[in-house]
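Here's the structure we're looking at; comments come further down.
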Amino acid sequence: MQMGKCKNITRLLSDALDRPLTTGEWVAIRLHLPTCSGCRNYRKQIRLLREAARTMSGISAPGGMNGED
Ligand SMILES: [Zn+2]
0 MQMGKCKNIT
10 RLLSDALDRP
20 LTTGEWVAIR
30 LHLPTCSGCR
40 NYRKQIRLLR
50 EAARTMSGIS
60 APGGMNGED
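Heads up: the sequence shown runs through residues 0 to 68, numbered per numbering that gives the first Met the number 0.
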């Protein structure tokens, strides 16, 4: 376990959804993920959350299912 490192990596993984990461940040992630199932799971979870958010916004988008009024 690398507790301090994991906190940093999970922060970077969630930051990556909002802003471009620097090369150094990606390197830190790519070095860490193969060694840490906890952070791999975290990445999987935030990806699923983002997919779900996209699906939800797709459903409510115009041109989809109308006539609910
Ligand atoms: Zn980790």
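Each residue gets a CB set at the ideal place from its N, CA and C atoms; glycine is no exception.
Report buried or exposed for residue i, applying the criterion of at least 16 other Cβ atoms within 10 angstroms of its Cβ.
i    : result
Met0 : Note that Met0 scores a pLDDT of 49, beneath 50, so its modelled location is shaky and nothing firm can be said.
Thr9 : buried
Could you tell me how far apart the beta carbons of residue i and residue j are, in whole angstroms, since I believe they sit closer than 8 angstroms?
i     : j     : result
Ile45 : Leu11 : Actually they do not touch by this definition, with Cβ atoms about 11 angstroms apart.
Lys6  : His31 : About 11 angstroms separates the two Cβ atoms, so there is no contact after all.
Could you tell me which uninterrupted alpha helix (DSSP H) segments, each at least 4 residues in length, are contained entirely in the segment 5–41, listed from first to last along the chain?
22–31
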